[in-house]
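The opening position of the sequence shown corresponds to residue 1331 in my numbering, with each subsequent residue numbered one higher.
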Amino acid sequence: MQGTIQQPEERELVGLQDGGHHYLTCNNCRAYLVDVWVTNPSLLDPITKTSIVTIVQAANCPFCEQGGSYPVEIHGGFHPGGYSPLKEGEDEDTIPSTFIELPEVAEDGVVRFVVKKQYPDSKAFYVK
Ligand SMILES: [Zn+2]
């Protein structure tokens, strides 16, 4: 039996819009902690038909162990992730980056991300 190999289709991400990034930084040492990418800025609540607003916050800072971020309002749908400034060809062992654990939604409605260092020996990045 002879099969044919099909080329993968070029597909676009449907329904996602680049609404920009919000970077949550440590309020103590100013390290970059979380990258919140707004992917559906015009997302509406299906019942109230009003814009969805979510308050997000980094619960901790893995670099100074003392801070976290201030709460930030995010409008629309978003994808949260760790912060990584890595560019092609850079050594990932020397570039600090973070990842996040599943967020907790506190009783006050704030979505809090627990932040971890991707590379234990890395130093923090600072806001310029
Ligand atoms: Zn910090």
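Ideal placement from N, C-alpha and C gives every residue a C-beta, glycine not left out.
- At least one heavy atom of ligand 1 falls within 7 angstroms of the beta-carbon of Q1396.
- DSSP places D1365 in the strand class (E or B) of the three-state scheme.
- Considering only V1441, F1429 and E1437, the residue with the shortest C-alpha distance to L1363 is F1429.
- In this structure, A1361 is the residue among A1361, Q1347, L1346 and H1351 with its C-alpha nearest to the C-alpha of N1390.
- Per DSSP, E1403 is one residue of the beta strand (DSSP E) stretching across V1402 to H1405.
- In the three-state DSSP reduction, G1412 falls in the strand class (E or B).
- With contacts defined by Cβ atoms closer than 8 angstroms, N1358 and G1412 do not form a contacting pair.
- F1443 has its Cβ no nearer than 7 angstroms to any heavy atom of ligand 1.
- According to the DSSP assignment, Q1387 belongs to the beta strand (DSSP E) that extends over V1383 to A1388.
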